Amino acid sequence: MKKLTVFLVLLISLLTFAQQDIVAVVNGRNITMDEWNREANVQKLLLEIQNSNPTFYKVLTTSTEGIILIEKYKLEVLDQLIRKVLFIQFAEKLGVAPDDRSVKADVDNEINKMLTELKMTEQQFDEYLVQLGMGKLEDYRQKLYFQRKYSLSLANAYAQYLKNVTVSDEEIKAYYEKNKDKYTVPAQYDLLVFKTNNKSTADALRVDVVKGLSNDEILKKYNLSPVVNGYVNINDISKIPQSLWILITSAVKGTTLPVQQVGNEYYVVKVRDIKVGGTKNLSEVSEEIKNTLLASKQDEVSKKLLDDFEKFRKDSKIEIRYKSPIVK
569 MKKLTVFLVL LISLLTFAQQ DIVAVVNGRN ITMDEWNREA NVQKLLLEIQ
619 NSNPTFYKVL TTSTEGIILI EKYKLEVLDQ LIRKVLFIQF AEKLGVAPDD
669 RSVKADVDNE INKMLTELKM TEQQFDEYLV QLGMGKLEDY RQKLYFQRKY
719 SLSLANAYAQ YLKNVTVSDE EIKAYYEKNK DKYTVPAQYD LLVFKTNNKS
769 TADALRVDVV KGLSNDEILK KYNLSPVVNG YVNINDISKI PQSLWILITS
819 AVKGTTLPVQ QVGNEYYVVK VRDIKVGGTK NLSEVSEEIK NTLLASKQDE
869 VSKKLLDDFE KFRKDSKIEI RYKSPIVK
């Protein structure tokens, strides 16, 4: 009985608003029940749930809790719809709202393209949309129109705020001078390092490294793989013990150091190449710095855009006429 009561209350409410048509007014702009329903698209949502999870669909559509959940979803969609309408109005205030005729023409072209690709008439496409739970063709057209107008309003407003955002050479230079450490590259050493706990093995292995045996040959002969085989930043003690760095940094390119003991282990180290460190020139990093500063300014612009829109929203006159009978 309780379930029936909830359904009846909701049905009566929807029928009442179907006649009144207007569920909210935003700065004098009416939002109709049709618009709200197109945005929420509950029919399509329920059809998808029914096909994917019949049990959940049954609970959702036959229980008080399920009906309340659907109603909460619709109310949230109404809130989002109001914000979208507000942003379109905000774009109009900025003078960057998209032209209605262009938007409608774009949507009509998009639908005509879909008809061509699907090889359908408008009537067939209309029936196809109904089967998918997406309403009739005109509903679909109006939804696409609103979505495109909103997305273009967003893009145009953002572009308007960005149009004067630039980065000067002086700003690039100042950033470079302040952040030189960021563009300083440490010296790097191309090392081949083997480690063993046997002194005789280390001595023999060093001889073979000097001879130029490949790593595969050394692996086959000694069952050892290099612990380091490539470039390492100077004084990186996570890979090379500190005591070895003193010798490595004193060696010339191509040197194979004498076997070195560290604790109970013996190291064979070959210095294959040396890349001298230093600070990159401004010309080398100017584009990178420009992009960094530009991204920072764009973030600031985005924040200002949102702040300005929020002020516009607070100053707006919003009247929500729909009163939910089951969600307070």
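Position in the sequence shown (from 1) plus 568 gives the number in the working numbering. All C-beta atoms, glycine included, are put in the ideal place defined by N, C-alpha and C. All values derive from a computational prediction rather than experimental measurement.
Best match in the options for proximity to residue i [C-alpha to C-alpha]
i, options, result
"asparagine 747", "Ile636, Thr847, Ala755", "Thr847"
"valine 844", "Leu712, Ile802, Ile650", "Ile802"
"serine 854", "Leu787, Pro893, Asp804, Tyr751", "Tyr751"
"valine 869", "Ile590, Ile805, Leu730, Met601", "Leu730"
"aspartate 749", "Asp876, Arg597, Leu850, Ser811", "Leu850"
"lysine 741", "Asn791, Glu856, Pro893", "Glu856"
"isoleucine 679", "Gln699, Tyr708, Asp784", "Tyr708"
"phenylalanine 656", "Tyr713, Thr860, Tyr799", "Reading off the sequence, residue 656 comes out as isoleucine, not phenylalanine. Among Tyr713, Thr860, Tyr799, the Cα nearest to that of isoleucine 656 is on Tyr713."
"lysine 661", "Asp876, Ile886, Leu787", "Asp876"
Beta-carbon proximity check, residue i vs residue j, cutoff 8 Å
i, j, result
"lysine 871", "valine 733", "no"
"arginine 606", "glycine 703", "yes"
"leucine 759", "arginine 840", "yes"
"proline 914", "valine 795", "This structure gives no information on residue 914, because the portion of the chain shown stretches from 569 to 896."
"isoleucine 888", "alanine 608", "no"
"glutamine 728", "valine 664", "yes"
"alanine 770", "valine 827", "yes"
"isoleucine 816", "tyrosine 757", "yes"
Buried or exposed by the 16-neighbour rule on C-beta atoms within 10 Å, applied to residue i
i, result
"tyrosine 890", "buried"
"leucine 720", "buried"
"leucine 705", "buried"
"asparagine 895", "The amino acid occupying residue 895 in the given sequence is valine; asparagine does not appear at that position. Result: exposed."
"valine 574", "In this predicted model, valine 574 has a pLDDT of only 48, less than 50, meaning its place in the structure is not dependable; the value taken from the coordinates is given anyway. By the 10 Å Cβ count, valine 574 comes out buried."
"leucine 825", "buried"
"tyrosine 718", "buried"
"lysine 652", "buried"
"proline 666", "buried"
"leucine 646", "buried"
"alanine 673", "exposed"
Nearest-angstrom beta carbon gap, residue j and residue i [assumed within contact, 8 Å]
i, j, result
"isoleucine 636", "leucine 628", "Contact doesn't hold; Cβ gap of about 10 Å is too wide."
"valine 594", "lysine 642", "Wrong, their Cβ atoms sit about 17 Å apart, outside the cutoff."
"glutamate 603", "leucine 654", "So it is not a contact: roughly 14 Å between Cβ atoms."
"tyrosine 625", "leucine 614", "7 Å"
Does the contact criterion of 3 or more C-beta pairs under 8 Å hold for the region 833–840 versus the region 762–771?
yes
Should the region 721–732 be called in touch with the region 683–699, which here means at least 3 C-beta pairs below 8 Å?
no
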